[in-house]
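Residue numbers (my numbering): 1 to 343.
This is the structure we're talking about:
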């Protein structure tokens, strides 16, 4: 327990010798040191997640996260340890304001990656929606670039419709011919069974339509095959261009993309917006807690002993300076006397 206490004293930046003479202030600095220590832990976890998102490497993320966590820990320790309790409250607040601003900035930096982790599922869903939209936009852009495909498909459809129209006309003549042969009475048939004059006439029309259809199929099908080859070639080029863009869309999950997705979520959902604000305020409270503890707590024995230790050093330095100046003046006087006697 003693080792843990001394470790938290170290985290608070306090002087061990003075704290041991101030039993009423020991627990206060244990709490301050513990807050600074756990803030460093949160900073390490936050940086680890952020850096893993960037580097996609556990080793790099752990290494840089430890460096970042130690830096935040040392900075928090310096901010708190550099504060002094004075008799004048206004001078304390003037001294604390820059430190509070720095603490708020650190809280915002630390909280952002952890916010992204907390809302990871919602962010992933939002990123999937954005990726789908990006794919649609990319395909639309490629379709505009390869508009020849649409022109060729329109020509192909025109040829196919011509064949279908000729086929329908042939089928209609076939039906009229059958009605005439089998004696089915219609507006276009006589109703007499057998191959009479009308039947032979319709047979000639049917043979001519069939011949024209066969010729059209042979001609148009050849042109359709050529169009299919051109469409396939352009489609292959279009797909190749899309495959170049697709990895960039699939990889659209970096830190900036996630921050942007979180911003969209907070603008769309009031619940997520309030939860996000609460998380930020929590980290601001944790980061600024040691500073406020020093501001609102009364001057204790440790503060008086610290002032006394600093005053002792100040007096000692003043006395030492005075003594050095006196000795220097004395030597200069002896040199002048020696020079006069020599002359």
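In this text, a Cβ means the ideal position worked out from N, Cα and C, and glycines have one as well.
Give the secondary structure of residue i by DSSP, where H, G and I count as helix, E and B as strand, and everything else as coil.
| i | result |
| --- | --- |
| residue 215 | helix |
| residue 320 | helix |
| residue 150 | helix |
| residue 84 | coil |
| residue 143 | helix |
| residue 253 | coil |
| residue 300 | coil |
| residue 233 | helix |
| residue 269 | coil |
| residue 333 | helix |
| residue 1 | coil |
How close, in whole Å, do the beta carbons of residue i and residue j come, if the pair is a contact with beta carbons under 8 Å?
| i | j | result |
| --- | --- | --- |
| residue 53 | residue 254 | 7 Å |
| residue 205 | residue 173 | 5 Å |
| residue 261 | residue 127 | 5 Å |
| residue 95 | residue 83 | 7 Å |
| residue 280 | residue 111 | 5 Å |
| residue 149 | residue 235 | 7 Å |
| residue 100 | residue 291 | 6 Å |
| residue 44 | residue 65 | 5 Å |
Query raised in the report: Does the segment 94–107 come close enough to the segment 273–288 to have 3 or more Cβ pairs within less than 8 Å?
Result: yes
Query raised in the report: Three or more C-beta pairs closer than 8 Å, one from the segment 31–38 and one from the segment 67–87: is that the case here?
Result: yes
Query raised in the report: Are the segment 208–224 and the segment 163–172 touching, with three or more C-beta to C-beta distances below 8 Å?
Result: yes
Query raised in the report: Hey, which unbroken runs of the alpha helix (DSSP H) at 4 residues or more fall wholly within the segment 6–85?
Result: 16–20, 26–55 and 58–81
Query - the segment 212–223 touching the segment 155–164, judged by at least three CB pairs closer than 8 Å - result: yes
Query - At least 3 beta-carbon pairs within less than 8 Å: the segment 301–316 vs the segment 138–157 - result: no
Query raised in the report: Below 8 Å, can you find three or more Cβ-Cβ pairs linking the segment 263–283 to the segment 54–68?
Result: no
Report task. Mind the definition here: the segment 223–233 touches the segment 145–161 only if three or more C-beta pairs lie below 8 Å; say whether that holds. Result -> yes
Requested in this report: Inspect the CB distances between the segment 129–136 and the segment 321–333 and report whether three or more fall short of 8 Å.
Outcome: no
Query raised in the report: Does the segment 22–29 come close enough to the segment 296–306 that 3 or more CB-CB pairs lie under 8 Å?
Result: yes
**Report entry** Ordered list of alpha helix (DSSP H) runs contained in the segment 100–134, each at least 4 residues
**Finding:** none
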